[in-house]
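Novice: First the structure, which I've put down as structure tokens, then a few questions once you've had a look.
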Amino acid sequence: MPQDTFPIRRIDHIRFYVGNARQSAFFYRHLLGFSVTQFHGLETGLKHEVDYLVEQDKIRFLFSAPVRPGHPIAEQLAIHGDHVQDIAFEVDDVDWAFNTAVQRGATPAREPYTLSDENGDVRIASIKIYGDTLHTFINRDNFKGHFLPRFVDRMEPGIPAGLIEVDHCVGNVELGAMNKWVRWYEEVLGFNQLISFDDKDISTEYTALMSKVMSGGDGRVKFPINEPAEGKKKSQIDEFLEFFGGPGVQHIALRTEDIVATVTELRRRGLQFLRVPKTYYDDLPARVGAIDEDIEKLQDLGVLVDRDDEGYLLQIFSKPITDRPTLFFEIIERKGARSFGKGNFKALFEAIEREQEIRGTL
Ligand code: FE2
């Protein structure tokens, strides 16, 4: 293993800019099983925006919305719609992380600053990545509170759906920009490239894309980066770039240790998933060999399976969770496999194309 030149403890939280944070919190609580745990807004002295923190096991999402016209968040929302704005890392030393990243070529978004209340201090700084997306560095070693100073508890427990942690987070960038961001993650954050897929791996009759998977924080943080490739019609990446208004986060994969139970429950609650044709399951035993799960059950739910040298994985993809065909979720269970489901790409992209056809964007 190459030496880790940029220590990252973990993904601290993912911040979304949304038009209505109260409704987003409700959606993630009742549909995906998150608990609403912290709040900061008008009632707690924040005069221009509102923040809701939701949590499930190790996953933390922060929803931020403007409460007055002219707020910078409102301008971002006008361009992108509801979106992932920031993937925040917990680090040992925020000043070191920020200064080192900037020395290595990162564009600063916000210089290191301190937030304080009676529970102590939290140090924070941010750098820019693709599009309007940020990586924030955060350290709360000198803070006894739960999340950030001046946030107050909000006890609205959800019924967990078995989602444990963020497995990976995928960015879509413009044609020709993938290698630039691969180099950026290597040079600035000391990430390594795990895998690459080219258009021979990821192509259907109509569309193609390229993807490289970057990994950092001693393997705890995995970021695939996609770019469109030449195809007969508009690829799902082109569709994303058009509707998002540039590069941004395309999907977040959430790990479960029981995908059958998780997806059964999420379907019951109304989360909509992509469907692959029944024929996908005909050659599944031949392709992946023996697995613990009942294939009929997987077929009922639409769960996909892929195998690599180390084991297998089960995965399923939601339909977009916003009005725009931009952000979606993946639910993934890993049984030894550390890859990303290459054997499913074709079936999956054909399923996405059927949705694109309906949207008239293929
Ligand atoms: Fe994924």
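Sequential numbering from 294 applies to the sequence shown in our numbering.
Ideal Cβ placement from N, Cα and C applies to all residues, glycine included.
As the structure is a prediction and not an experimental result, all values here were calculated from the model.
Select from Leu346, Phe327, Ser419, His323 the residue whose C-alpha is nearest the C-alpha of His333.
Specialist: Nearest of Leu346, Phe327, Ser419, His323 to His333, Cα basis: Leu346.
Novice: Looking at the strands, I want to know which residues DSSP matches up with Ile518.
Specialist: Ile518 is bridged to Gly464, Lys505.
Novice: How close, in whole Å, do the beta carbons of His545 and Glu626 come, if the pair is a contact with beta carbons under 8 Å?
Specialist: Looking at the sequence itself, residue 545 is Ile, so the reference to His does not match. Ile545 to Glu626, Cβ: 15 Å. No contact.
Novice: With DSSP as the reference, label Arg416 as helix, strand or coil.
Specialist: Correct three-state label for Arg416: strand.
Novice: Using 7 Å as the threshold, is the C-beta distance between Ala630 and Gly604 below it?
Specialist: A contact, by the Cβ cut-off of 7 Å.
Novice: With DSSP as the reference, identify every bridge partner of Pro359, one or two as the case may be.
Specialist: Paired residue(s): Glu342.
Novice: With a threshold of 6 Å, establish whether the CB of Glu626 neighbours any heavy atom of the ligand FE2.
Specialist: Every heavy atom of the ligand FE2 is 6 Å or more from the Cβ of Glu626, so no.
Novice: Between Gly413 and the rest of its own chain, which residues show a CB-CB distance below 6 Å, the 5 nearest in sequence each way excluded?
Specialist: Only Asn435, Phe436, Lys437 meet the Cβ criterion.
Novice: Buried or exposed, going by whether 16 or more other CB atoms sit within 10 Å of the CB of Gly653?
Specialist: By the neighbour-count rule (16 or more Cβ atoms within 10 Å), Gly653 is not buried but exposed.
Novice: Looking at the unbroken alpha helix (DSSP H) that takes in Gln369, where does it start and where does it end?
Specialist: Its alpha helix (DSSP H) spans residues 365–373.
Novice: In whole angstroms, give me the CA-to-CA distance for Gln608 and Leu324.
Specialist: Cα to Cα, Gln608 sits roughly 18 Å from Leu324.
Novice: Between which two residues does the alpha helix (DSSP H) harbouring Asp593 extend?
Specialist: Run containing Asp593: 588–594, per the alpha helix (DSSP H) assignment.
Novice: Under a three-way DSSP split, which group does Ser528 fall into?
Specialist: In the structure shown, Ser528 sits in coil (DSSP, three-state: anything other than H, G, I, E or B).
Novice: Ordered along the chain, which non-local residues of its own chain (more than five positions away) have a Cβ less than 8 Å from that of Ala501?
Specialist: If we look at Ala501 and ignore the five residues flanking it on each side, its Cβ neighbours are Asp492, Ile495, Pro521, Ala522, Glu523, Gly524, Ser528.
Novice: When you measure from the CB of Glu646 to every non-hydrogen atom of the ligand FE2, does any distance come out below 6 Å?
Specialist: For the ligand FE2, not one heavy atom lies less than 6 Å from the Cβ of Glu646.
Novice: Alpha helix (DSSP H) containing Glu479: first to last residue?
Specialist: Glu479 -> alpha helix (DSSP H) spans 471–482.
Novice: Which residue from Asp531, Asp599, Ser409, Gly483 puts its Cα closest to that of Phe633?
Specialist: Residue Asp599 is the option with its Cα nearest to Phe633.
Novice: Specify whether the segment 341–359 and the segment 389–405 touch according to this definition: at least 3 beta carbon pairs, one from each stretch, less than 8 Å apart.
Specialist: Touching, no, given that fewer than three Cβ pairs across the two stretches are closer than 8 Å.
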